[in-house]
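Engineer:
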Amino acid sequence: MPASYKRSRLFVAIVGLLVMVLAACEPNIPNPPQITVVITSVPNEVALQDAVGQALTGTAEQGALLTQTALAEVNVTLTPTRTPTITNTPLPPTETPFLSPTPSHTPTQTQTPTFAPQPSNTPPAVTGGENGRIRFVHAWRSEVGEIPVDLFMNDLLIERVFELGEYTNYQSVAAGAVRITLQEIFPFDPETMQPRPLIASKTFDVPRGGSLTVVIGDTGQGVDLIAVEEDIGPLASGQARLNILQANPNLLRSILIAPTLRTALAVNLGAGDTPGPYDLPAGNLPLQLFDAENPQEQLTTLAALSLDSRVNYLLILMPPERDDQQTIVTDFMIIQGSTNHIGTDTSIRFVNAATNAGPISILLDQERLITRLDVGATTVALPASYQGSILTVQNVDGTELYEEILGP
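In my numbering, the protein residues as written are -14 to 393.
1. So the beta strand (DSSP E) residue 387 belongs to, where does it begin and stop?
2. So what does residue 166 bridge to, in DSSP terms?
3. Name the DSSP beta bridge partners of residue 297, please?
4. Provide the residue(s) that pair with residue 126 in DSSP beta bridges, ordered along the chain.
5. Can residue 242 and residue 275 be called in contact, C-beta distance under 8 Å?
6. Rounded to a whole number of angstroms, what is the C-alpha to C-alpha distance between residue 209 and residue 203?
7. Using the rule of at least 16 other Cβ atoms within 10 Å of the residue's Cβ for burial, across every protein chain shown, is residue 327 buried or exposed?
8. Whole angstroms is fine: what's the gap from residue 388's alpha carbon to residue 372's?
9. Residue 178 bridges to which residues according to DSSP?
10. Count the other CB atoms, across all protein chains shown, that sit within 10 Å of the CB of residue 323; report buried if there are 16 or more and exposed otherwise.
11. CA-CA distance, residue 168 and residue 200?
12. In the DSSP assignment, find the beta strand (DSSP E) that holds residue 336 and state where it starts and stops.
13. Out of 232, 227 and 263, state which residue places its alpha-carbon closest to the alpha-carbon of residue 124.
14. Apply the 10 Å Cβ neighbour rule to residue 121 and answer buried if 16 or more other Cβ atoms are within range, or exposed otherwise.
15. Residue 196 to residue 301, Cα distance in whole Å?
16. Short of 6 Å in beta carbon distance, which residues of its chain neighbour residue 258, apart from the five on each side in sequence? Order them along the chain.
17. Can you give me the C-alpha to C-alpha distance between residue 228 and residue 177, rounded to a whole angstrom?
18. Using the Cβ count rule (16 or more neighbours within 10 Å means buried), how would you classify residue 89?
19. Mind checking who residue 286 pairs with in its DSSP beta bridge?
20. With a 10 Å radius around its C-beta and 16 neighbouring C-beta atoms as the bar for buried, classify residue 297 as buried or exposed.
21. Looking only at C-alpha atoms, which of 320, 206, 134 and 289 sits nearest to residue 152?
22. For residue 135, collect the residues of the same chain with a Cβ closer than 8 Å to its Cβ; drop the 5 residues on either side in sequence, then sort them by chain order.
23. What separation, rounded to the nearest whole angstrom, lies between the Cα atoms of residue 252 and residue 271?
24. Just checking my contact of residue 357 with residue 381 at CB under 8 Å: how many whole Å lie between their CB atoms?
25. Between which two residues does the beta strand (DSSP E) holding residue 358 run?
26. What does the alpha-carbon distance come out to for the pair residue 238 and residue 330?
27. Strictly by DSSP, which residues pair up with residue 238?
28. Taking the alpha carbon of residue 264 as the point to measure from, which residue in 256, 248 and 255 has its own alpha carbon closest?
29. Within 10 Å of its beta-carbon, does residue 346 have 16 or more other beta-carbons around it, so buried, or fewer, so exposed?
30. Once you ignore the five residues that flank residue 116 on each side, which residues in its own chain have a CB closer than 7 Å to its CB?
31. Give the secondary structure of residue 382 by DSSP, where H, G and I count as helix, E and B as strand, and everything else as coil.
32. Based on DSSP bridge pairs, tell me the residues matched to residue 365.
33. Using only the alpha-carbon positions, how far apart do residue 240 and residue 305 sit?
Structure (structure tokens):
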């Protein structure tokens, strides 16, 4: 056998021995898993992207499964955390609108007279008749005392020696302008025999079918003629109507309160003001005056007014007598007036001539029409039903003196 052949066989034997030794030293390595790749043909790029995404998702899920299996083998588990709540992304800030502050009134101390003002009724439209009516009241008390005057209307003498506290009956006049003149009762100066100047003169417009009361008074500028237009519309039974004239220039601006009605008839009453007319319940009506600038300070209490049913009243505030200036805040006078009646009524007047009976009150159909009628006094024209009524006369104590059917 040739030597070269022997050397070759020896080399092969050595190599084979080395391979066996190395194989004995290596660990057992498992065979890799079979991976099958499916190749799919896609018609477009969008489908290709979807397929790749699905493949990657599957690979990630498989990797996660293998990770969890390996951790479980060494007793390691995954604790899930709370899933965060998705919050909406805030919108970018918008412009904040500018709001001007609303002014608030500074609270003030509540004063004593806090009654709501009494609303005055609106006189109805003047209807009926071509004429109007006018009357006059003397309420002027000057600094030197009481001064009587002569009263003229359109240069005709209406009242001679017209004195303080007096008032005339209504005069029927043609609607339109009338001129009123006041003159001293001695029109000529006895020394010079020259005519004295007029005390006052003014022209007024009398409304058609309406009623006007002209008051001789003082509103701070000396003697003056002040007109008060009256509402003479019909009144319901149990209701009276009240007008007010402030003719006392020495009286502070005041609040006029009707405490029994819990209402204010005037809240800033000054000289020359004519609040009203007010439709009020008939009966006794006390009034109080408070200082308008210091409402907690009461100026005076007026004697209670006695308001009769379906009668029109005018309350005039006037200066007190000179001797009472320091003790009496104001004097006043109250006068009556009639109102129109409805078609089923007629006018009636009452006169108290029963000297032995004293003051009386009068009821029609058990409704009080006159609260107090003194001996010798007479009422204004009052409405009474054409169909007749039961007339009852009582004294001031409520004792019945007379009862009879009146009419029809």
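All C-beta atoms, glycine included, are put in the ideal place defined by N, C-alpha and C.
Structural biologist: A quick look at the data gives this:
1. 385 to 391
2. 137 and 186
3. 226 and 322
4. 131
5. yes
6. 6 Å
7. exposed
8. 17 Å
9. Looking at the DSSP assignment, residue 178 forms no beta bridge with any residue, so it has no partner.
10. buried
11. 15 Å
12. Here residue 336 belongs to no beta strand (DSSP E), and DSSP marks it neither H nor E.
13. 232
14. buried
15. 17 Å
16. 231
17. 44 Å
18. Because the pLDDT at residue 89 is just 43, under 50, the model does not fix this residue reliably, and the value given afterwards should be weighed accordingly. Its Cβ having fewer than 16 others within 10 Å, residue 89 is exposed.
19. 273
20. buried
21. 320
22. 142, 144, 145, 146, 147, 167, 168, 169, 170 and 172
23. 17 Å
24. 7 Å
25. 352 to 358
26. 42 Å
27. Residue 238 is not bridged to any residue.
28. 248
29. buried
30. 157, 158, 159 and 160
31. coil
32. Paired residues: none, contrary to the question.
33. 19 Å
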